[in-house]
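First the structure, in the form of structure tokens, and then the observations on it.
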Amino acid sequence: MTSKHRAAVLGSPIAHSLSPALHRAAFAALGLDGWRYDRFEVDEAALPGFVAGLDEAEWAGCSLTMPLKRAVIPLLDEVSATARSVEAVNTLVFTADGRRVGHNTDVPGLVNALRERGVTEVPAAAVLGAGATASSALAALARLGAREVTVYVRSPERAREMAELGERLGVSVRTADWARGAEALSHPLTVATTPAGATDGFADGLTAEPGALFDVLYHPWPTKLAGACAERGATVLGGLDLLVHQAVLQSELFTGRAPGPLAAIRAAGEGALAAAG
383 MTSKHRAAVL GSPIAHSLSP ALHRAAFAAL GLDGWRYDRF EVDEAALPGF VAGLDEAEWA
443 GCSLTMPLKR AVIPLLDEVS ATARSVEAVN TLVFTADGRR VGHNTDVPGL VNALRERGVT
503 EVPAAAVLGA GATASSALAA LARLGAREVT VYVRSPERAR EMAELGERLG VSVRTADWAR
563 GAEALSHPLT VATTPAGATD GFADGLTAEP GALFDVLYHP WPTKLAGACA ERGATVLGGL
623 DLLVHQAVLQ SELFTGRAPG PLAAIRAAGE GALAAAG
């Protein structure tokens, strides 16, 4: 029987993270009473020392949030194909034979969340923003069959990076100016990956029947854009959908128990958000 019984989320800032509530609920649902899940404030400079200081006989792994998803890669012995494709690791697993393996559960988490809501195939889509989450969104869209994705960006440099990623994924990426972002919702699916308030100005410019929206924010919720889409009858997913589905996959990686307890993790996330107001 494995002696591993610890995990945590690392990042900076980290006090807001819902991951402890989600994973503690998963451990309880799986009957893993001796397992712990904590949060630690760790920035890029502190990450190598923090990881080196962990007792890997006890630790199953770590969840990684900003700004660590790329910074952790040089510390790893192996990186999954999905994580390598988007150059982002959100899950560090310590294997029984002493290796550090990096995974990305954001990409399949996005896919699974959309499939749960009936979005199983999208020929074309749009992405608002071009950061790390946008890269994961582009990879998820490729898995859903998208062959053309329009990315609305402010930075020409990030536009080039997204186009290059699209080439590696087999997706044709068009870029458009951020100011035209309201046009994104004319696509069958739009993934909004930007900070709170960034897309508020697009809500008033929506078409009468917008496509589906996956807005990766979960607080405050709904965003102005999500509310406007819902009022027009669109399918709307939020950041909690992504958080829950990627945590299910992380739970499976940490514990070796599959399938992960989706219902328990979702209930914990809804409860934590309600408590946070």
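In this text, residue positions in the sequence shown follow this note's numbering: the first is 383, and each later residue adds one.
Idealized CB from N, CA, C, for every residue including glycine.
Membership of Val433 in the alpha helix (DSSP H) is indicated by the continuous run 429 to 434. Secondary structure at Thr515: helix, using DSSP grouped into helix, strand and coil. Out of Ser537, Ala585, Thr589, Val461, the CA that lies nearest to the CA of Pro604 is found in Ala585. A distance below 9 angstroms separates the beta carbons of Phe596 and Val573.
Residue pairing for Val493: DSSP places it in no beta bridge.
Cys444 is bridged by DSSP to Ala390, Leu474.
Taking a 10 Å sphere around the C-beta of Phe422, we find fewer than 16 other C-beta atoms and assign the residue as exposed.
The alpha carbon of Gly579 has as its nearest neighbour, out of Gly587, Lys606, Ala590, the alpha carbon of Lys606.
Excluding five sequence positions before and after Tyr534, the CB atoms of its chain that fall closer than 6 angstroms to its own CB belong to Leu510, Ala558, Trp560, Gly563, Ala566, given in chain order.
Considered as a whole, the segment 532 to 609 harbours 554 to 559, 571 to 574, 594 to 597 as its complete beta strand (DSSP E) runs of no fewer than 3 residues, in chain order.
Cα atoms of Ala645 and Glu539: separation of roughly 41 angstroms, rounded to the nearest angstrom. Scanning its chain for C-beta atoms nearer than 7 angstroms, with the 5 sequence neighbours on each side dropped, one finds around Thr575 the residues Val509, Leu510, Gly511, Gly513, Thr515, Ala516, Ala519, Val598, in chain order. Cβ contact annotation for Lys451 (same chain, cutoff 7 angstroms, sequence separation greater than five): Ala470, Val471, Asn472, Ala514, in chain order.
Annotation for Pro505: Gly527, Ala528, Arg529, Glu530, Pro570 place their beta carbon closer than 8 angstroms to its own, counting only its chain and skipping 5 residues before and after. With at least 16 other beta carbons inside 10 angstroms of its own, Ala608 counts as buried. Around Arg648, the same chain offers Val626 as residues with beta carbons nearer than 6 angstroms, after the five sequence neighbours per side are excluded. Here Thr477 has Val483 as same chain residues with Cβ atoms under 8 angstroms from its own Cβ, once five neighbours each way along the sequence are excluded.
Secondary structure at Val630: helix, using DSSP grouped into helix, strand and coil.
The DSSP-derived three-state label of Arg482 is strand. Comparing alpha-carbon positions, the option among Val630, Ser633, Gln628, Asp582 lying closest to Ala610 turns out to be Asp582.
Collapsing the DSSP output to three states places Asp420 in a strand.
Ranking Ser445, Ala408, Trp441, His485 by CA distance to the CA of Asp459 puts His485 first. Ala508: member of the beta strand (DSSP E) spanning 506 to 510, first to last residue.
Cβ-Cβ distances below 7 angstroms link Ser467 to Ala521, Arg550, Leu551 in the same chain, with the five nearest sequence neighbours on each side left out; the list follows chain order. Between the alpha carbons of Met448 and Pro592 lies a gap of roughly 31 angstroms.
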